[in-house]
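With my numbering, the residue at position 167 of the sequence shown is 168, and numbering never jumps. For each residue, glycine too, the CB sits at the ideal point set by N, CA and C. Have a look at the structure below before the remarks.
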Amino acid sequence: MAVYTKLEHQEVKQFLEQYNISNFKDYKGITEGVENTNYLIKTLNQDFILTIYEKRVDENDLPFFIKLLSNLSENRFPCPKPIANKNDEKINKIKNKNAALVTFLNGQSKNKITNDDCFEIGKITAQLHEITKTFNIYRKNNLSIQSWKNIFEKTIKQKNDLDESIIKKTKKYLNFLEDEWPKNLPEGIIHADLFPDNIFFTNNKVSGIIDFYFACNDFFAYEIAICINSICFDNNSTFNMTKARNLID
């Protein structure tokens with residue numbers, strides 16, 4: 002969510018004129034993140050986030066992401082709600098790039114996740130999985146086992162100085178994982194990127210989840226594994242069993 006696409010005040014104003022939004026006051030680029038360009042849009046009555054989709058996001062996936070956020074919002078899940086323009090379109094264009102306007106979420110992410118925070122994150126993750134059971138939308142997980150093998154093959158081609166023993170060992174592990182990859186675990190729509198910077202808190206309760214642009218259909222265990230890796234290790238890289246138990250309880 003860095004600022005790759007620079008906008009002038011007049012460009013933002015003209016973009017907002019396509020919506021039933023008035024009293025535009027100001028805008029500010031959001032420098033956190035690395036994937037898309039985001040601006041905080043301030044109006045007299047409400048704040049919004051303007052997201053401009055950069056190269057990594059496949060435009061063919063945008064309908065899935067927007068539909069997911071819209072359906073979650075309709076079910077009162079705390080996530081950004083896509084705003085439709087005057088033509089009832091939620092995917093728009095600015096500077097020849099796909100863009101979306103979504104509601105602003107209150108709260109702050111935490112640099113240090115506590116044991117109690119892990120319980121709250123587990124609870125909101127379970128709500129996400131439960132709510133989306135009835136959603137008839139699908140997106141393949143492009144960062145699962147097959148993608149790992151493709152990434153490794155590209156790495157070998159780009160790095161000619163890799164030790165042969167490392168290459169052999171990595172191939173062995175990847176083949177093992179592919180052979181043993183489970184096939185019958187509970188599955189559904191997952192966020193797939195639940196790191197601390199995508200989780201907002203207010204008064205030590207989860208108040209919002211953002212950045213759904215890795216969301217896909219996969220095992221719920223895959224989601225839990227990501228959460229354990231992202232929030233259940235202490236600063237010295239030591240696994241914290243209490244945090245993990247709170248997460249899955």
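Closest by CA to residue 228, which one among 218, 98, 248 and 214?
Residue mapping note: residue 228 aligns to position 227 of the sequence shown, counting from 1. Ranking 218, 98, 248 and 214 by Cα distance to residue 228 puts 248 first.
I need the boundaries of the alpha helix (DSSP H) containing residue 247, first residue and last residue.
Counting from one through the sequence shown, the residue named residue 247 turns up at place 246. Here the alpha helix (DSSP H) through residue 247 covers 242-249.
Alpha carbon to alpha carbon, how far is residue 176 from residue 185? Give it in angstroms, no decimals.
For the purposes of this step, residue 185 is taken as the residue at position 184 of the sequence shown. For the purposes of this step, residue 176 is taken as the residue at position 175 of the sequence shown. The straight-line gap from Cα to Cα measures roughly 19 Å.
Around the C-beta of residue 28, are 16 or more other C-beta atoms found within 10 angstroms, so that it is buried, or is it exposed?
Start at 1 with the first residue of the sequence shown, and residue 28 comes out as number 27. Flag for residue 28 reads buried.
Which partner residues of residue 202 appear in the DSSP bridge assignment?
As a working note, residue 202 is residue 201 in the sequence shown. According to DSSP, residue 202 bridges with 109 and 207.
Own chain residues within Cβ distance below 7 Å of residue 128, not counting five before or after:
Here residue 128 refers to the residue found at position 127 when the sequence shown is read from its first residue. Cβ within range, chain order: 78.
Could you tell me whether the stretch 182-201 touches the stretch 99-115, using the rule of 3 or more Cβ pairs below 8 Å?
yes
Can you tell me which of the three DSSP states residue 12 falls into?
Numbered from 1 along the sequence shown, position 11 holds the residue referred to as residue 12. If DSSP states are grouped into helix, strand and coil, residue 12 belongs with the helices.
Terminal residues of the beta strand (DSSP E) in which residue 101 lies
In the sequence shown, residue 101 corresponds to position 100, counting from 1. Unbroken beta strand (DSSP E) run through residue 101: 98-104.
Touch check for the stretch 69-84 and the stretch 163-180: three-plus C-beta pairs under 8 Å?
no
Rounded separation between residue 145 and residue 17 - CA only:
Within the sequence shown, numbered from 1, the residue matching residue 145 stands at position 144. Within the sequence shown, numbered from 1, the residue matching residue 17 stands at position 16. Taking the straight line from one Cα to the other gives about 38 Å.
Closest residue to residue 12 among 160, 42 and 33 (Cα-Cα distance):
Your numbering for residue 12 matches position 11 in the sequence shown. Ranking 160, 42 and 33 by Cα distance to residue 12 puts 42 first.
Can you tell which of 224, 245 and 209 has the C-alpha that lies nearest to the C-alpha of residue 81?
Translated into the one-based positions of the sequence shown, residue 81 becomes position 80. The shortest C-alpha separation from residue 81 is found at 209.
Is residue 133 buried or exposed, if buried means 16 or more other CB atoms sit within 10 Å of its CB?
Along the sequence shown, read from residue 1 onward, the residue named residue 133 stands at position 132. Label assigned to residue 133: buried.
C-beta atoms of residue 224 and residue 104 nearer than 8 Å:
Indexing the sequence shown from 1 puts residue 224 at position 223. Indexing the sequence shown from 1 puts residue 104 at position 103. Contact flag unset, no.
For residue 64, does the three-state DSSP call read helix, strand or coil?
In the sequence shown, residue 64 corresponds to position 63, counting from 1. Residue state, collapsed to three classes: helix.
In three-state terms, what does DSSP make of residue 41?
Translated into the one-based positions of the sequence shown, residue 41 becomes position 40. Looking at residue 41 - three-state DSSP - the assignment turns out to be strand.
Opening and closing residue of the alpha helix (DSSP H) in which residue 155 lies
For the purposes of this step, residue 155 is taken as residue 154 along the sequence shown, with counting starting at 1. Residues 146-159.
Give me whichever residues DSSP pairs with residue 229 in a beta bridge.
For this step, residue 229 is matched to residue 228 along the sequence shown. DSSP lists no partner for residue 229.
Cα-Cα separation between residue 98 and residue 165, rounded to whole angstroms
Locating residue 98 in the sequence shown gives position 97, counting from the first residue. Locating residue 165 in the sequence shown gives position 164, counting from the first residue. Spanning the two alpha carbons is a distance of roughly 43 Å.
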